Amino acid sequence: MSVEKIIKENEGTIVDVRSYGEFMGGNVIGSLNIPLNEIPERVEELKKLKAPLVLCCASGNRSGQAQHFLSQLGIECYNGGSWLDVNYYKSQATK
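With UniProt numbering, you'll find the sequence shown wraps up at 95, consecutive numbering, no jumps.
Here is the structure:
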């Protein structure tokens with residue numbers, strides 16, 4: 001399943017891994033903010049979210065790091081890239 005399809009069909013949870021300040025400057029409606037540096041200590045919380053997780057940040061770099069880390073732990077997740085791209089797909093949601 002493509003990241004675009006997951007977002008458009010509201011199949012998972014969008015997790016923004018940017019800093020709180022960046023997140024407050026603009027974010028995807030309904031997304032959660034868990035900064036990249038907090039990911040390791042919040043793994044149990046992430047495991048309880050509706051899977052798959054779609055991770056996003058400013059450019060896709062930090063979300064890529066988070067995706068690699070979480071995948072190693074067996075958590076189904078995808079790098080959604082820039083939050084702006086994720087936001088665009090979200091605006092086209094079918095549900």
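For glycine and all other residues, C-beta sits at the position ideal for the given N, C-alpha and C. Treat the numbers as computed from the prediction; the structure is a model and nothing was measured.
Check                                                                                                                                          : Outcome
Hey, could you find the ends of the beta strand (DSSP E) I14 is sitting in?                                                                    : 13 to 16
Using DSSP with H/G/I as helix, E/B as strand and the rest coil, what is S91?                                                                  : helix
Which same chain residues end up closer than 6 Å to S31 when comparing Cβ atoms and leaving out the 5 residues on each side of it in sequence? : I14, D16
Under the three-state reduction of DSSP, which class applies to V28: helix, strand or coil?                                                    : coil
Can you grab the Cα-Cα spacing for the pair E4 / G81, in whole Å?                                                                              : 11 Å
Hey, how far is the Cα of E45 from the Cα of G64?                                                                                              : 19 Å
Given a cut-off of 9 Å, decide if P52 and E76 are closer than it, judged by their beta-carbon atoms.                                           : yes
In whole angstroms, what is the alpha-carbon distance linking N33 and S91?                                                                     : 19 Å
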